[in-house]
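In this text, residue positions in the sequence shown follow the working numbering: the first is 3, and each later residue adds one.
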Amino acid sequence: MDPTDRAPRSRRRSLTLFLLCWLTLAAGCTGLLQNIGARWATRQISDVFALDEAQQEATRAAVERVMASAPEVLEARLDLLVATVDRALSKGLNEQNMLVIERQINVLLDKVAAWIIDEAAPILATLRDEQIDHAERQLDKRLEETREELGKPVEERIRDRQEKFVEAIEDWTGPLSDPQKKAIRSYVAAMPDEAADGLRADERRLAEIADGLRQHPGEPAVRDLLWNAWKNREDWGPNTRSPEVRRADGRKTMLFVYGLLDAKQKDHMSKRLHEIHDKVKRLLGIAGAG
Numbered sequence: 003m004d005p006t007d008r009a010p011r012s013r014r015r016s017l018t019l020f021l022l023c024w025l026t027l028a029a030g031c032t033g034l035l036q037n038i039g040a041r042w043a044t045r046q047i048s049d050v051f052a053l054d055e056a057q058q059e060a061t062r063a064a065v066e067r068v069m070a071s072a073p074e075v076l077e078a079r080l081d082l083l084v085a086t087v088d089r090a091l092s093k094g095l096n097e098q099n100m101l102v103i104e105r106q107i108n109v110l111l112d113k114v115a116a117w118i119i120d121e122a123a124p125i126l127a128t129l130r131d132e133q134i135d136h137a138e139r140q141l142d143k144r145l146e147e148t149r150e151e152l153g154k155p156v157e158e159r160i161r162d163r164q165e166k167f168v169e170a171i172e173d174w175t176g177p178l179s180d181p182q183k184k185a186i187r188s189y190v191a192a193m194p195d196e197a198a199d200g201l202r203a204d205e206r207r208l209a210e211i212a213d214g215l216r217q218h219p220g221e222p223a224v225r226d227l228l229w230n231a232w233k234n235r236e237d238w239g240p241n242t243r244s245p246e247v248r249r250a251d252g253r254k255t256m257l258f259v260y261g262l263l264d265a266k267q268k269d270h271m272s273k274r275l276h277e278i279h280d281k282v283k284r285l286l287g288i289a290g291a292g
């Protein structure tokens, strides 16, 4: 729900390395299409890791378990988050309710990450060195868009960030007026550009996890390796802004944008929130999705 996630964010935190692929498990089709979704997810994971037949069978079973348990694991937390966001949009966003939303998102994401790591660790612990090398190369390619962005002139990068930011906001609010777009573009132009810091952090964690897996330490250690990478995903290393400072800036940005919106646009955000909620519930096979 944060439009800053759409600005140079092909850096969708590849820090989770192999977890990135496994996170796709939670988004597969369920119900009548569960079997097709399980095959699709297994195939995607197999391609990245070059899995052998036994590993593919284990992955398919893990995917099916994740899909089957998704409603129980996610439904209550997802409903609570949506209700909290909707109430905040109705009454007015402020620092306090944004902190509540942030905490609920963190709880939900930690639950999903732990759930998937538990399924992934036993399989990742069986990877051979050549499979780890292959996966590292495949996942490193996901960082290429950020590298390409960093190679552009500064002025072009700022324009790209401005347009992506406006596009992300309009996806939630509907069309913005010209004065609103102008104010947002000016705000974005003054935001710190931390793409290089994020890229270095991603590259470092990708190498750290791959190196850790090459030690073949066993399932418990693999689980710890992935969980530590997840929990430290926002720590970009020395001489970078802290996660707390970046999050505070994100809240400040959201409050700035919210302050520009009229009643109709705020109502559009609420409708969009419920559309996405309903879509997610359908994908997860949660009863009552319309």
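We put the CB at the ideal spot given by N, CA and C, even for glycine.
To the nearest angstrom, report how far apart Lys183 and Arg159 are at their CA atoms.
When rounded, the distance between both Cα atoms is 17 Å.
So, with DSSP's three-state summary, where would you put Trp117?
Trp117: helix per DSSP, three-state reduction.
Under three-state DSSP, which class holds Glu150?
Glu150 falls in the helix class under three-state DSSP.
Counting only the same chain and skipping the five closest in sequence on each side, list residues whose C-beta sits under 6 Å from that of His136.
Once the five neighbours on either side are set aside, the close Cβ partners of His136 are Ala52.
Please confirm whether Leu216 and Ile119 have their CB atoms less than 7 Å apart.
One detail in the question is off: residue 216 reads as Arg in this sequence, not Leu. Taking 7 Å as the Cβ cut-off, Arg216 and Ile119 do not qualify as a contacting pair.
Any idea what DSSP makes of Lys281, helix, strand or coil?
DSSP places Lys281 in helix when its eight states are reduced to three.
With DSSP collapsed to three states, give me the class of Ile38.
Residue confidence for Ile38 is low, a pLDDT of 49 falling below 50, so the modelled location carries little weight and cannot support an answer.
Assign Leu83 to one of two classes, buried (16 or more other C-beta atoms within 10 Å of its C-beta) or exposed (fewer than that).
So Leu83 ends up on the buried side.
Trp24 to Ile47, Cα distance in whole Å?
Model confidence at Trp24 stands at a pLDDT of 43, short of 50, so the residue's coordinates are unreliable and nothing is read from them.
Nearest to Trp229 by CA position, among Thr242, Glu210, Val247 and Glu246, is which residue?
Selected option, being the one with the closest Cα: Glu210.
Should Arg41 and Trp174 be called a contact, given that it needs their Cβ atoms to be closer than 7 Å?
No, Cβ-Cβ distance for Arg41 and Trp174 is not below 7 Å.
Quick check: the region 251-269 against the region 90-98, are there 3 or more CB pairs under 8 Å?
The region 251-269, when compared against the region 90-98, does touch it at the 8 Å Cβ threshold.
Count the other CB atoms within 10 Å of the CB of His279; is the residue buried (16 or more) or exposed (fewer)?
Its Cβ being crowded by 16 or more others within 10 Å, His279 is buried.
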